[in-house]
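Colleague: Supplied in structure tokens, the structure appears directly below.
Here you go:
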């Protein structure tokens, strides 16, 4: 069984994160004597993946009033003990405090260890604090804003952390399933599409209670062995326009669909071919992208369409203005037309949403973009890029360290994002650029699409 250690300097909320995970998913099964103090471990299961978590909060209690050398030594012992028998780690920092010298100390130890790590920027109690995560990207790990006291951000963190962890004794690593929320207006054929997809793929289907009251999640796999693709489909009720005459059931249906989007890796927006892409369809897709989820538009009932795909695509460019990067696929749940190919589109989009660009590759691409087209002048000076790192997923977030974030014009922002799309794909994947002055700890500017 894989083991995850929670590490970090004192007073960043390691134990609070452990307690949050225990309260939601885990049952404490035993305490295991440590070298200096008892360490608390717990077995857990998160959406089908079993693992063990170690709370290092009780390891080698550090006197924060001691000299810096003693504090650093205590941190080293704490981290070393936590990582010694672990396969992955949650590196906890305090988003409200910024990067402290001891955070760098812990980061260096983790880098030398070399395991799978996600950085949890704790105390991100509200979305307004999320922009502060860009500072922590310089520590070299994927950063996720979380709030242990408010149960915020843990689904995304755990999805990423557990993605590549094998069960003990397994020879074949089973990849974490892609969670796909199938959403759309009422009566566009969402359930019919899901049913046809499952039948055509001849998969074993099991119903499993979802995370939102009466939702039903449908896990299934396509293929076998290392080539298998694993999914969890979440079929939702139709998302209606809200009005004064809507019923409580309709309001709940909208809330349930929105929650499904929150918990998904990506979203398939089903539309009716006869209606084309309506303003409400676009709004649903835009809402998913705003939440940082990759998105695919699926045109259902294509067997009833009276226009060609070329004509439909031309009209879609107008209807999806500003969201042209979202792929469109055509299918018929009734006849089975293109159902398999639509799943291939989902696969490609999910893979692109999982991309992690190395710092070198990213900086070469952005450097070439700056050389090809210079930024416009702002008060007589141009934006200068020092370096960039990938700071997170869902959305794909890049942190750019520059001379002055205010010098980034909206048009040049769009140019940089389009350049990244052309170079690396990111079809259907939202991209956010977070700008931060190279000197100073705060005042990041955030722009995205």
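Numbering (our numbering), first residue to last: 944 to 1392. Every residue gets a Cβ at the ideal spot worked out from N, C-alpha and C, and that includes glycine.
Would residue 1285 pass as a contact of residue 1245 if the rule is Cβ separation under 8 Å?
Modeller: Their beta carbons are not under 8 Å apart, which means residue 1285 does not touch residue 1245 by this criterion.
Colleague: Is the stretch 1051-1069 touching the stretch 1367-1375, taking contact as three or more C-beta pairs under 8 Å?
Modeller: No, they do not touch.
Colleague: Rounding to the nearest angstrom, what Cα-Cα distance links residue 961 and residue 1315 in this structure?
Modeller: Each residue's alpha carbon lies about 48 Å from the other.
Colleague: What does the alpha-carbon distance come out to for the pair residue 955 and residue 1036?
Modeller: Cα to Cα, the separation comes out at about 5 Å.
Colleague: Nearest by alpha-carbon distance to residue 1226: which of 958, 1254 and 1263 is it?
Modeller: Out of 958, 1254 and 1263, 1263 has the C-alpha closest to the C-alpha of residue 1226.
Colleague: Take residue 926 as the anchor and find which of 958, 1360 and 1342 has the nearest alpha-carbon.
Modeller: The first residue shown for the chain is 944 and the last is 1392, placing residue 926 beyond what the model contains.
Colleague: List the whole-angstrom C-beta distance separating residue 1082 from residue 1023, where the pair is believed to meet the contact cut-off of C-beta under 8 Å.
Modeller: Actually they are not in contact, since the Cβ atoms of residue 1082 and residue 1023 sit about 18 Å apart, beyond 8 Å.
Colleague: List the endpoints of the continuous alpha helix (DSSP H) containing residue 1055.
Modeller: That run of the alpha helix (DSSP H) goes 1044-1056.
Colleague: Exposed or buried, residue 1320, counting other C-beta atoms within 10 Å across all chains shown (16 or more means buried)?
Modeller: It is exposed - the Cβ of residue 1320 has fewer than 16 other Cβ atoms within 10 Å.
Colleague: Starting from the C-beta of residue 948, find all residues in its chain whose C-beta is less than 7 Å away, skip the five residues before and the five after it, and write them out in chain order.
Modeller: So the qualifying residues of the chain are 997, 999, 1025, 1026, 1029 and 1032.
Colleague: Mapping the DSSP letters down to three states, classify residue 1096 as helix, strand or coil.
Modeller: Note: residue 1096 maps to coil in three-state DSSP.
Colleague: According to the Cβ coordinates, are residue 1296 and residue 1237 closer than 8 Å?
Modeller: Their beta carbons are under 8 Å apart, which means residue 1296 touches residue 1237 by this criterion.
Colleague: Can you give me the C-alpha to C-alpha distance between residue 1093 and residue 1304, rounded to a whole angstrom?
Modeller: C-alpha separation (whole angstroms): 37 Å.
Colleague: Which residue from 1335, 1334, 1325 and 1340 puts its Cα closest to that of residue 1348?
Modeller: When each option's Cα is compared against that of residue 1348, the closest is 1325.
Colleague: Go ahead and pull the three-state DSSP assignment for residue 961.
Modeller: Here residue 961 sits in helix by DSSP.
Colleague: Please name the residue, chosen from 1373, 1352 and 1139, that lies closest to residue 1416 on a Cα-to-Cα basis.
Modeller: One cannot answer for residue 1416 here, as it falls past the ends of the chain, which runs 944 to 1392.
Colleague: Specify the secondary structure class of residue 1377 as computed by DSSP and reduced to three states.
Modeller: Note: residue 1377 maps to strand in three-state DSSP.
Colleague: So the candidates are 1376, 985, 1283 and 1034; which of them puts its Cα closest to the Cα of residue 957?
Modeller: Closest option to residue 957, Cα to Cα, is 1034.
Colleague: Are there 16 or more other CB atoms within 10 angstroms of the CB of residue 1166, so buried, or fewer, so exposed?
Modeller: Exposed is the call here.
Colleague: Are the stretch 1324-1340 and the stretch 1278-1293 touching by the rule of at least three beta carbon pairs closer than 8 Å?
Modeller: Not touching, per the Cβ criterion.
Colleague: Can you list, in chain order, the residues of its chain whose CB lies under 6 Å from that of residue 1175, leaving out five sequence neighbours each side?
Modeller: Result list for residue 1175: 1120, 1122, 1160 and 1162, in chain order.
Colleague: Do you know offhand how far residue 959's Cα is from residue 1293's?
Modeller: The alpha-carbon atoms of residue 959 and residue 1293 are separated by roughly 32 Å.
Colleague: Suppose contacts are defined by Cβ-Cβ distances below 8 Å. Is residue 1345 in contact with residue 1380 by that definition?
Modeller: In this structure, residue 1380 lies closer than 8 Å to residue 1345 by Cβ.
Colleague: Going residue by residue through the stretch 1295-1349, where are the continuous beta strand (DSSP E) segments of at least 3 residues, counting only ones entirely within it?
Modeller: 1328-1335 and 1339-1345, all fully within the stretch 1295-1349.
Colleague: Which first and last residues belong to the alpha helix (DSSP H) in which residue 1127 is found?
Modeller: Here residue 1127 belongs to no alpha helix (DSSP H); instead the beta strand (DSSP E) covers 1121-1127.
Colleague: Does DSSP put residue 992 in a helix, in a strand, or in coil?
Modeller: DSSP places residue 992 in strand when its eight states are reduced to three.
Colleague: Please report how far the alpha carbon of residue 1351 lies from the alpha carbon of residue 1322, in whole angstroms.
Modeller: About 12 Å.
Colleague: Nearest-angstrom Cα distance between residue 1063 and residue 1177?
Modeller: Going from the Cα of residue 1063 to the Cα of residue 1177 covers about 27 Å.
Colleague: Which stretch, first to last residue, makes up the alpha helix (DSSP H) that contains residue 1272?
Modeller: Where residue 1272 is concerned, there is no enclosing alpha helix (DSSP H), although the beta strand (DSSP E) it sits in stretches over 1271-1273.
Colleague: Would you mind stating whether residue 1051 and residue 1078 have Cβ atoms separated by less than 8 Å?
Modeller: No, these two residues do not count as a Cβ contact at 8 Å.
Colleague: Identify which residue in 1219, 1335, 1243 and 1272 has its Cα closest to the Cα of residue 1261.
Modeller: Answer by Cα proximity: 1219.
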